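**Q** So the sequence lines, in the order shown, correspond to chains A and B. Going by full-length UniProt numbering, the first residue of the first sequence is number 1, and it counts up by one from there. Going by full-length UniProt numbering, the first residue of the second sequence is number 1, and it counts up by one from there. Every residue gets a Cβ at the ideal spot worked out from N, C-alpha and C, and that includes glycine. All values derive from a computational prediction rather than experimental measurement. This is the structure I have questions about; it appears just below.
Number of protein chains: 2
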Amino acid sequence: MRAVIMDAPGQITVGERQDPRIIEPTDAVIRLTATCICGSDLWPYRGVEPANHTPMGHEYVGVVEEVGAEVTTVKPGDFVVGSFVISCGRCEICRSGYPSRCVHAVFVAGNIGTQSEKARIPHADGTLVAAPGQPDADLVPSLLAASDVLGTGWFAADAAEAGPGKTVAVVGDGAVGLMGVLAAKQLGAERIIAMSRHADRQALAREYGATDIVTERGDEGAARIKELTDGLGAHSVIEAVGTEESFLQAIRSTRPGGHIGFVGVAHEGVTLPMDEVFFAQVHLHGGPAPVRRYLPELIQLIWDRKINPGTVFDLTLPLDQAAEGYLAMHERRATKVMLTL
Amino acid sequence: MRAVIMDAPGQITVGERQDPRIIEPTDAVIRLTATCICGSDLWPYRGVEPANHTPMGHEYVGVVEEVGAEVTTVKPGDFVVGSFVISCGRCEICRSGYPSRCVHAVFVAGNIGTQSEKARIPHADGTLVAAPGQPDADLVPSLLAASDVLGTGWFAADAAEAGPGKTVAVVGDGAVGLMGVLAAKQLGAERIIAMSRHADRQALAREYGATDIVTERGDEGAARIKELTDGLGAHSVIEAVGTEESFLQAIRSTRPGGHIGFVGVAHEGVTLPMDEVFFAQVHLHGGPAPVRRYLPELIQLIWDRKINPGTVFDLTLPLDQAAEGYLAMHERRATKVMLTL
């Protein structure tokens, strides 16, 4: 089958990989309908993380081709959405709502790779969720978004306790931050402040429910959030970047007792000053999003056309042109690239 | 009046200060019954923080002598317990449960100083809570503990979401950590693991409700917690030290999705690696404890003799011997020193 391989940082090829097959009785093999390129794929692309003939991709929707003997919740022919972390669904951590830290967790990225025609998904019952039927073509981008970027933004908004009566600030205007805006709106937030200095992303943020835009960054951005909130700071802040600067911006934008949901992947070497965290007296929760927890709800919202997160994809290419997709995101010509099969 | 002054790091004198008087109509003047020395008083004592003729002390119980015209909830003759942070009780932050970050907050330490015969307490209604009557002498140490060390341990246990069915681990066997054990027990925790290598503190931890003692520290300590919790880590972890090592020990002892309540004061220069915080996927909440939120409940528990936190004081001295009290805590001959008047 064809699959995207990162031979080395910045070197994308669409080559041949062996077709996947059922190995464990809990496996499913799916034929991909669509996949995409994640902001986190740019880390190895830019050499910040290693890449050595790495199978790429961790977001996916497709049709089940075959299942192992023990799979009970999906069957051949089902249209499914999967999480970017393999999870068993049965361990104590999964049952407590953290499938992203399942005791059997495997990151799809780098291990399975779903920028490909097919994929073997272990622990299919705990990882995949079937849509109510075969989706109309226009729903596919939104269902694909649920696989990571929407699920991650949703987790961030949930972790930040966005909800009725709350003012939510969003640090980061990438795809995840924008999905955080959409999630905050759905969760009933009263006021949603998107922090962005890019006109196109500001427009998308407004489409998703942002009521205010703040263009300042860093301490100036935090000061602006305080101005907008009677000097107190936002109740809920979504951190969707992952640098020390963005983290401090989030902390300084949050009122005492408020909540920060952080989903920007922090890399080695990023540190946080604990005295500032201590005296800020905020709640912090985040990490790799437990997307599987939210998938049934997100799929239904999309199916019922109550949300339309698929508009976050601003470039669609066939899988064979993956290299151009990576380059477009690297050069910031695209926010999020969908790859079709 | 007599009062404890830290002339310079390590130099304690009991000297004369002007008697306090009502300045604002929201003030109260109290005559101290007892006060104490906090672990955090050792920071300036050891020169980690500055000290220059600093009025010391921030924990206090006493009898109201006089109140300003606008004070309505306490009156002369009332026996009161106060928080170590002055709070108005009326601002949005106070009403949301975070009086320690009141918009009018003033730290008693360094500004008011309650290692003294009397003290002026601003925002008396928002800071002080009257006991149901004049306490028996044996209740005074416990009521004094509520002023900070119990209230702080209680906040840590609450922030860590200690409760029925939960396994709670406590990092730090100082007075606050021990109070965290007591609080976890009261909140209904099923299993409480105290991390301590000192026999006397282990005994006190058991008295307060610890079911297990772990003597290992750092990564060995975290590994031991995992062994005791099916490899998953504790649901709730109290961090009551404030160093990078103790923080990492707490994070590594917590299961994914679990909660850390941190109350060990982190000093400038203490940093936390964000990649580890990210992938740990725990909840973090802490800071200077909003003691005033808990005071009514804690005073009642003490009054009804349901808890006896006063046993955390293992040395009692008259105020005039404060210097010996500081030295005993500095040399770890005492866990917590009460000063009587």
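Contact defined as beta carbons within less than 8 Å: I believe glycine 231 of chain B pairs with valine 263 of chain B. What is the distance between those atoms, to the nearest angstrom?
**A** With a Cβ gap of about 27 Å, glycine 231 of chain B and valine 263 of chain B do not count as contacting.
**Q** What does the alpha-carbon distance come out to for the pair threonine 243 of chain A and valine 270 of chain A?
**A** 6 Å
**Q** Closest to histidine 283 of chain B by CA distance: which of B:Asp19, B:Ile251 and B:Leu182 is it?
**A** B:Ile251
**Q** For a contact defined as C-beta to C-beta under 8 Å, what are the partners of tyrosine 98 of chain A on chain B?
**A** Pro256, Gly257 and Gln281
**Q** If you measure from the beta carbon of leucine 301 of chain B to each beta carbon in chain A, is any gap under 9 Å?
**A** no
**Q** Starting from the beta carbon of leucine 272 of chain B, find every residue of chain A whose beta carbon is closer than 7 Å, and list them in chain order.
**A** Thr271, Leu272 and Met274
**Q** Can you give me the start and stop residues for the beta strand (DSSP E) that alanine 280 of chain B sits inside?
**A** Element bounds for alanine 280 of chain B: not the beta strand (DSSP E) but the alpha helix (DSSP H), 274–280.
**Q** So, helix, strand or coil for glycine 90 of chain A, using DSSP?
**A** In the sequence as presented, glycine is not what sits at residue 90 of chain A; that position holds arginine. Note: arginine 90 of chain A maps to coil in three-state DSSP.
**Q** Looking at the C-beta of proline 164 of chain B, does it have a partner C-beta in chain A at a distance below 9 Å?
**A** no
**Q** Residues in the same chain with beta-carbon distance under 7 Å from proline 9 of chain A, minus the five sequence neighbours each way, listed in chain order, please.
**A** Pro44, Tyr45, Arg46, Gly47 and Ala51
**Q** List the residues that DSSP assigns as beta-bridge partners of isoleucine 193 of chain A.
**A** A:Ala169 and A:Asp212
**Q** Residue ranges of each alpha helix (DSSP H) run of no fewer than 4 residues wholly in the stretch 88–125 of chain A, ordered along the chain?
**A** Considered as a whole, the stretch 88–125 of chain A harbours 92–95 as its complete alpha helix (DSSP H) runs of no fewer than 4 residues, in chain order.
**Q** Would you say leucine 284 of chain A lies against chain B (beta-carbon separation less than 9 Å)?
**A** yes
**Q** What does leucine 232 of chain B touch in chain A if you count any residue whose Cβ is under 7 Å from its own?
**A** Glu92 and Ile93
**Q** Whole alpha helix (DSSP H) runs in the stretch 5–64 of chain A with 4 or more residues, listed along the chain?
**A** 42–45
**Q** Evaluate isoleucine 112 of chain B with the Cβ neighbour count: other Cβ atoms within 10 Å of its Cβ, from every protein chain shown; 16 or more gives buried, anything less gives exposed.
**A** Buried.
**Q** Glycine 257 of chain B: which of A:Ala266, A:Ser100 and A:Gly82 sits nearest, CA to CA?
**A** When C-alpha distances from glycine 257 of chain B are compared across A:Ala266, A:Ser100 and A:Gly82, the shortest belongs to A:Ser100.
**Q** What does arginine 120 of chain B touch in chain A if you count any residue whose Cβ is under 9 Å from its own?
**A** The premise fails here: arginine 120 of chain B is roughly 25 Å from chain A at the closest Cβ pair, so nothing lies under 9 Å.
**Q** I'd like to know if proline 309 of chain B contacts chain A, where contact means its C-beta is closer than 9 Å to some C-beta of that chain.
**A** no
**Q** Hey, is glycine 287 of chain A's beta-carbon within less than 9 Å of any beta-carbon in chain B?
**A** yes
**Q** I believe residue 342 of chain A touches glutamate 65 of chain A by the beta-carbon criterion, under 8 Å. Please report the beta-carbon distance rounded to the nearest angstrom.
**A** Because chain A here runs from 1 to 341, residue 342 of chain A falls outside it and cannot be looked at.
**Q** Measure the C-alpha to C-alpha separation of leucine 272 of chain B and glycine 110 of chain B and round it to an integer number of angstroms.
**A** 28 Å
**Q** Look at the Cβ atom of threonine 73 of chain A, then the Cβ atom of alanine 130 of chain A, and state whether they are nearer than 9 Å.
**A** A Cβ-Cβ contact shorter than 9 Å links threonine 73 of chain A with alanine 130 of chain A.
**Q** Looking at the structure shown, is valine 291 of chain B part of a helix, part of a strand, or coil, going by DSSP?
**A** helix
**Q** I'd like to know if the stretch 312–324 of chain B and the stretch 315–327 of chain A are in contact, where contact means that at least 3 CB-CB pairs between them fall below 8 Å.
**A** no
**Q** Beta carbon of alanine 162 of chain A, beta carbon of alanine 240 of chain A: below 9 Å?
**A** no
**Q** List in chain order: all unbroken beta strand (DSSP E) runs of 3+ residues lying wholly within the stretch 299–330 of chain B.
**A** 315–318
**Q** How big is the Cα-Cα spacing for leucine 187 of chain A and glutamine 300 of chain A?
**A** Taking the straight line from one Cα to the other gives about 15 Å.
**Q** Chain A beta carbons: is any one of them nearer than 9 Å to that of arginine 101 of chain B?
**A** yes
**Q** Since I believe valine 170 of chain A is in contact with isoleucine 238 of chain A (beta carbons under 8 Å), could you give me their beta-carbon distance rounded to a whole number of angstroms?
**A** Correct: roughly 5 Å between the Cβ atoms.
**Q** Assuming residue 400 of chain A contacts alanine 28 of chain A (C-beta within less than 8 Å), just tell me the rounded distance between them.
**A** The structure shown does not extend to residue 400 of chain A, since chain A is modelled only from 1 to 341, so the question has no answer here.
**Q** Rounded to a whole number of angstroms, what is the C-alpha to C-alpha distance between alanine 334 of chain A and glycine 62 of chain A?
**A** 24 Å
**Q** Indicate whether at least one CB of chain B lies closer than 9 Å to the CB of glycine 47 of chain A.
**A** Chain B, which has no Cβ nearer than 9 Å to the Cβ of glycine 47 of chain A, makes this no.
**Q** State buried or exposed for alanine 124 of chain A, treating a residue as buried only when at least 16 other CB atoms are found within 10 Å of its CB.
**A** Counting every other CB atom within 10 Å of its CB across the protein chains shown gives alanine 124 of chain A a total of 16 or more, marking it as buried.
**Q** Of all the CB atoms in chain B, is at least one closer than 9 Å to the CB of alanine 156 of chain A?
**A** no
**Q** Which of the three DSSP states is assigned to phenylalanine 247 of chain A in this structure?
**A** helix
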